[in-house]
Amino acid sequence: MQFNQLTLNNTGNIIHYYLIFLILKNAIYLSIFTIYYIGLFCDKTQKNNAFTVDCVLCLH
């Protein structure tokens, strides 16, 4: 009985950390894409759609 309870607790912890990992990963992707698209809108004249310092400077 104690083994089953321990297994359930470990599984719960793994799921808990995995959910935190997914949330953090999505937040990182979202911030990268936001910066990238803001950069595209700020610097439309640039031929290569690369993220540059000018894109960040136009936000200020």
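Count along the sequence shown from 1, then add 3; that gives the number in our numbering.
Note that beta-carbon positions come from the ideal geometry of N, C-alpha and C, so glycine has one too.
Rounded C-alpha distance that separates residue i from residue j
i	j	result
residue 12	residue 23	17 angstroms
residue 33	residue 20	20 angstroms
residue 36	residue 25	16 angstroms
residue 14	residue 40	39 angstroms
residue 38	residue 29	14 angstroms
Buried/exposed call for residue i, threshold 16 Cβ in 10 Å
i	result
residue 42	buried
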